[in-house]
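In UniProt numbering, the protein residues as written are 1 to 118.
In this text, a Cβ means the ideal position worked out from N, Cα and C, and glycines have one as well.
These figures come from a predicted structure and were not determined experimentally.
Printed below as a string of structure tokens:
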């Protein structure tokens, strides 16, 4: 199950990868003269990378519109939690390569997005 703002995603991605990220305090996380790391972790966040194969125009439009807000909720399977979680994310660049046009229909191939937890 993959939902954005409570709605099931228009087309499931061909690749889905969750990264667990540690955020450290940039000023207090430093290395000493002997190379020992003094680390001040301030948060653990998730980043989700998704990519799709061929999508028709209505599918790619629905996916991109679902991520149109500055922030939005995403329900996804979290490998660390061992269950589905709902968290608030934002999206980075959204490259959408054109594949082919057949009449009035355009097919897109290779949409990639990276979602980063707020």
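Contact belief for residue i with residue j at Cβ below 8 Å, rounded distance in angstroms
{"i": "residue 51", "j": "residue 92", "result": "Actually they do not touch by this definition, with Cβ atoms about 13 Å apart."}
{"i": "residue 162", "j": "residue 9", "result": "The structure shown does not extend to residue 162, since the chain is modelled only from 1 to 118, so the question has no answer here."}
{"i": "residue 66", "j": "residue 104", "result": "With 8 Å as the limit, residue 66 and residue 104 do not qualify as a contact, their Cβ atoms being about 23 Å apart."}
Assigned exposure category for residue i - 16 Cβ within 10 Å defines buried
{"i": "residue 27", "result": "exposed"}
{"i": "residue 46", "result": "buried"}
{"i": "residue 127", "result": "Nothing about residue 127 can be read from this structure; the chain reaches only from 1 to 118."}
{"i": "residue 76", "result": "buried"}
{"i": "residue 42", "result": "exposed"}
{"i": "residue 89", "result": "buried"}
{"i": "residue 74", "result": "buried"}
As assigned by DSSP and simplified to three states, the class of residue i
{"i": "residue 65", "result": "helix"}
{"i": "residue 52", "result": "coil"}
{"i": "residue 9", "result": "coil"}
{"i": "residue 58", "result": "helix"}
{"i": "residue 33", "result": "coil"}
{"i": "residue 70", "result": "coil"}
{"i": "residue 2", "result": "coil"}
{"i": "residue 112", "result": "strand"}
{"i": "residue 77", "result": "strand"}
Residue i versus the options, residue with shortest Cα-Cα distance
{"i": "residue 117", "options": "1, 13, 21 and 102", "result": "21"}
{"i": "residue 68", "options": "113, 87 and 106", "result": "113"}
{"i": "residue 23", "options": "12, 14, 34 and 39", "result": "39"}
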